[in-house]
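Participant: Residue numbering for the sequence shown follows our numbering, beginning at 1 and increasing consecutively.
The C-beta atom is built at its ideal place from N, Cα and C for all residues, glycine as well.
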Amino acid sequence: MTVRNLEYFFKPASVALIGATSRKASIGRVLTENLWNGGFRGELFAVNPNRETIDGIPTYPNLESLPKAPELAIIATPPASVPELIGELGKRGTKAAIVITSGFGPAGEQGGEGGYTPILEAAKPYLLRILGPNCMGVTVPRHGLHVNFSRVRALPGSIAFVAQSGAVQTVVLDWAAERKIGFSHFVALGDMADVDFGDMLDYLANEPSVRAILLYMESVVHSRKFMSAARAAARMKPVIVLKAGRHEEGARAAASHTGAMVGNDAVYDAAFRRAGMLRVYTLQELFDAVETLAGTPSVRGDRLAIMTNGGGVGVMATDSLMEEGGRLAELSPETLQRLHTVLPPIWSRSNPVDMIGDSTGERYGVVLEALLEDEGVDAVLVLHCPNGIVEGSEVAAAVIDRYNKRAARGNAPALFTCWLGGASPVEGRRMLEENKIPTYDDPADAVRAYMQLLRYRRSQELLMETPPNVPEAFSPQTERAREIIRKVLEEGRQWLMETEAKEVLSAYGIPVVPTHVAKNPDEAAALAEALGGPAVLKILSPDILHKNRVGGVALDLANPSLVLQAAGAMLERVRRACPDAHIVGFAVEPMIRRFHSHELILGMMEDKLFGPVILFGQGGIAAEALGDKALALPPLNMHLAREVMQRTRIFRLLQGNEDLPAADLEAVAFTCVKLSQLVCDLGEVVELDINPLLADREGALALDARIRVRQTGGSATDRLAICPYPKELEERLVLPDGQELLIRPIRPEDEPGFYGIFSRLSPEEIRLRFLHPMHHLPHSLAARLTQIDYDREMALAVVDEHAEGGEELYGGVRIIADPDLDNAEFAILLRKDKTGLGLGPMLLRRIIDYARRRGIQNVYGEVLSENTPMLKLCKAFGFRHQRIPDDPTVIHVTLDLHSPS
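In structure tokens:
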């Protein structure tokens, strides 16, 4: 379940409190007072078998005696009574229940066998939704609904706050009330037996009264549902998350570098980033972020200019910027010369711009103007320290005037301000706030706000940016890789030997160093002679994972004689260190010498919640000690691969400099994409390490690899937190004229094709297809049409793979389902010159069949009444037609998928 019946938690017409009481110092008492005194305009019922009235409120002895079924029930009774109450409420027609009661543990503990299971089983036949148990309740100030046991009343506002912890909620309520921060919804999830973060994100994303969604999170359940909901919500409004429990006690037991380097919190961070959410680390940051995102223009880049009348605070701001991972703008020579003509000779002559303590409002104005005009500046931070020479209000007036004039011309850098001090800066801050210019009390707060905005922009880019096509055709030999893994599992092994691991990588097009197997030292020497150059010798055993630790690696052996000697000595060392290990033989490889190359690590491990996680970073034997890594959730495309690479320190070296040629970044990114595909295809792979992955201008090359596998019964894609590209839906079609086309799911790379289709449509055709006039197809819409969540929507595209100039998009069909998969809206878009070929009926048939397989109940669409070809097509497929009373020009068409077509 997702959003089904959730509206009854927040907009009920009637509410019953089961467990109402007048007993002092009890939760039931506070709930009663809050609910009856909150201003709720619907019907309220109190249930208590021992009292006829509570503080003048009539009570009912049981549920049977209630005059009607309440739409929402609040349960604050002992754990053993809850399942029966849930069943009785559901039978009467109640749609939602908030279980305040705690004490539901695992099977065998208080609350009955199975913990939450009896509650959920009681609710399931009636589709009754459960919030909790062990939760504080719900507050919707706009509707006067105050179902919680806090004495502090939430103020009305446009921020939705969702949290697991009741204790945190009471703190936040108190904290927000003092600062006059209001809420549209204030929700406690408690133990999340039913309603969880994914459900709430789906609901709140479509609530018009919600401007931003704040989450206080300790854990996630149902990771794929969470990721789908979060990605959808983040496209519509800011979603800001404060995740507790960032540090795990104890190290992760893992045999590979990748497993050891991936922590639980780092995986959450990767998930938030991929979902387009903004992560913060304190309550102050949580609410500051809302105001920053709502009141500040989007920053266009990461180059910050700082101007100040006090050198010390400029240094403080710079330190904060560096700690937050930002960078100072490099001022152009023109800007530096311009500043030199207006500032005293002793100014700093660099960024931060120290204008000296006697700076007037006029000086602030001209310096700000110069920085705003510099194309290398993406944002400006203005700092002002109080002094006895110039009033802060005078400086604020100058800053406001110059910034408003520049902003009026469009595309101005973002502006942040910080007026330091106690009483003296109050008027200046007030003036800045009135003019919607962000202002802060401390330089660190201002820098943090800038970086929040920057991180949010980057996360949104991940959702909206069109990724480039893969640099070459990529057709992995999946069955070849599966056969290798199948053999290893049949032998009862978990770890592939290095030669087997490299075969799997090679099947996915990942370049590996040629590796040959020798059964004994003599064969190793013969292979080395055939190589014709220096060789590398490695022990080959399914029982030895870390060869270096047992002396099982010898490098740069110049001739076969040295290989023979090294092999004999290696056997003795390894047998002493691992007497029970089964020695297969040796791996013999050419010694790779690539000057100006970099050692990287590329790997994956399986997180217990989010499934496979991909790691990229600086490799070599010191990979763990260096800790230079970034994580990402698969599947990856070229853009996502580049993004994860850019989050590491070694990326700067990969880009090259005057002394070091740049590595082939496309080849490295493509290797990441290939590994991602391997992970999506091969569900048996649970841990993988390519270390080192050598990278230079010649490309990428895997020198060593480890892969751990296990038996699996389900689909490889079931374990992924993000549904991958469904290749199984690809289909080839031959038209009557012999033209061969490909029908496949839409991909993000198809965005340019949509521009091509749109450019061929006349204004009238655009109006018929999009229901309103459009002069151009905005990137935001084109990205939304191509970057879909395959878990809850589908779009099938028709493409000509053999068109002149490359693959060409002819059109497609899509459905977008609601989170409950009850209803799905469909739409068809075809290039004008491709109509009349039967593509429309063919596409509609396939998307209807797909919807049936997904269990969708109804497919519907909105069609202009004058669009007779589309109405005729819908009629042929059995759609019911119904005019919309408010708009007679639109026909609502619906197909019941339970009825035969």
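Out of 32, 52, 51, point me to the one whose CA is closest to residue 44's CA.
Facilitator: 32
Participant: Rounded to whole angstroms, what's the CA-CA distance from residue 659 to residue 617? Just pull it up for me.
Facilitator: Each residue's Cα considered, the two are about 22 Å apart.
Participant: Over what stretch of residues does the alpha helix (DSSP H) that includes residue 227 continue unbroken?
Facilitator: 223 to 234
Participant: Just the Cα atoms here: how many angstroms apart are residue 755 and residue 463?
Facilitator: About 19 Å.
Participant: Counting C-beta neighbours from all protein chains within 10 Å, is the total for residue 231 16 or more, i.e. buried, or is it exposed?
Facilitator: buried
Participant: Would you mind giving the Cβ-Cβ distance between residue 298 and residue 447, rounded to the nearest angstrom? I have them listed as a contact below 8 Å.
Facilitator: With a Cβ gap of about 17 Å, residue 298 and residue 447 do not count as contacting.
Participant: Near residue 451, which residues of its chain fall below 8 Å by C-beta distance, leaving aside the five closest residues on each side in sequence?
Facilitator: 321, 324, 325, 326
Participant: Spatial neighbours of residue 243 within its chain, please: CB distance less than 6 Å, with the 5 preceding and 5 following residues excluded, ordered by chain position.
Facilitator: 217, 268
Participant: Can you tell me whether residue 45 is helix, strand or coil according to DSSP?
Facilitator: strand
Participant: Rounded to whole angstroms, what's the CA-CA distance from residue 401 to residue 371? Just pull it up for me.
Facilitator: 15 Å
Participant: Assign residue 502 to one of two classes, buried (16 or more other C-beta atoms within 10 Å of its C-beta) or exposed (fewer than that).
Facilitator: Residue 502 is classed as buried because its beta carbon has at least 16 other beta carbons within 10 Å across all chains shown.
Participant: Can you tell which of 799, 13, 794 has its C-alpha closest to the C-alpha of residue 852?
Facilitator: 794
Participant: Would you tell me roughly how many angstroms separate the C-alpha atoms of residue 110 and residue 80, rounded to the nearest one?
Facilitator: Model confidence at residue 110 stands at a pLDDT of 42, short of 50, so the residue's coordinates are unreliable; what they give is reported in the following sentence. In a straight line, the C-alpha of residue 110 is about 8 Å away from that of residue 80.
Participant: Determine which residues share a DSSP beta bridge with residue 860 and list them.
Facilitator: 825, 894
Participant: Determine the direct distance from the alpha carbon of residue 129 to that of residue 97, and round the result to whole angstroms.
Facilitator: 6 Å
Participant: With C-beta atoms as the reference, is residue 398 less than 9 Å away from residue 364?
Facilitator: yes
Participant: Look at residue 884 and residue 812 and say whether their C-beta atoms are less than 9 Å apart.
Facilitator: no
Participant: When burial is assigned at 16 or more other CB atoms within 10 Å of the CB, is residue 710 buried or exposed?
Facilitator: exposed
Participant: Which value, in whole angstroms, describes the spacing of the CA atoms of residue 564 and residue 741?
Facilitator: 58 Å
Participant: Following the continuous alpha helix (DSSP H) through residue 804, name the residue where it begins and the one where it ends.
Facilitator: First-last for residue 804: undefined, no H or E at that position.
Participant: Is it buried or exposed, residue 236, if we count other Cβ atoms within 10 angstroms and call 16 or more buried?
Facilitator: exposed
Participant: For the structure I just gave you, are there three or more beta carbon pairs, one from the stretch 713 to 732 and one from the stretch 593 to 604, closer than 8 Å?
Facilitator: no
Participant: Determine the direct distance from the alpha carbon of residue 289 to that of residue 449, and round the result to whole angstroms.
Facilitator: 7 Å
Participant: Can you tell me whether residue 793 sits near the ligand PLP, meaning its C-beta is under 8 Å from at least one heavy atom of the ligand?
Facilitator: Questions concerning the ligand PLP fall outside what the structure shown contains, since it holds no ligand whatsoever.
Participant: DSSP three-state call for residue 607: helix, strand or coil?
Facilitator: Of the three classes helix, strand and coil, the one that applies to residue 607 here is strand, per DSSP.
Participant: Would DSSP call residue 670 helix, strand or coil?
Facilitator: helix
Participant: I need the straight-line Cα distance from residue 63 to residue 118, nearest angstrom please.
Facilitator: 19 Å
Participant: I think residue 183 touches residue 161, with their Cβ atoms under 8 Å apart; what is that distance to the nearest whole Å?
Facilitator: 6 Å
Participant: Per the contact definition of three or more C-beta pairs closer than 8 Å, is the stretch 492 to 506 in contact with the stretch 694 to 711?
Facilitator: yes
Participant: If I follow the unbroken beta strand (DSSP E) through residue 340, where does it start and stop?
Facilitator: Careful: residue 340 lies outside any beta strand (DSSP E), inside the alpha helix (DSSP H) at 333 to 342.
Participant: Taking the DSSP output, what are the residues bridged to residue 495?
Facilitator: Residue pairing for residue 495: DSSP places it in a beta bridge opposite 708.
Participant: Could you give the distance in angstroms between the alpha-carbon of residue 17 and the alpha-carbon of residue 122?
Facilitator: Rounded to the nearest whole angstrom, the C-alpha separation of residue 17 and residue 122 is 19 Å.
Participant: On the DSSP bridge list, what partners appear for residue 347?
Facilitator: Paired residues: none, contrary to the question.
Participant: Terminal residues of the continuous beta strand (DSSP E) containing residue 166?
Facilitator: That residue, residue 166, is in no beta strand (DSSP E); its alpha helix (DSSP H) goes 166 to 178.
Participant: Rounded to a whole number of angstroms, what is the C-alpha to C-alpha distance between residue 356 and residue 362?
Facilitator: Their backbone Cα atoms lie some 13 Å apart in a straight line.
Participant: Could you name the residues of the same chain whose beta carbon sits closer than 8 Å to that of residue 776, not counting the 5 residues immediately before and after it, in chain order?
Facilitator: 758
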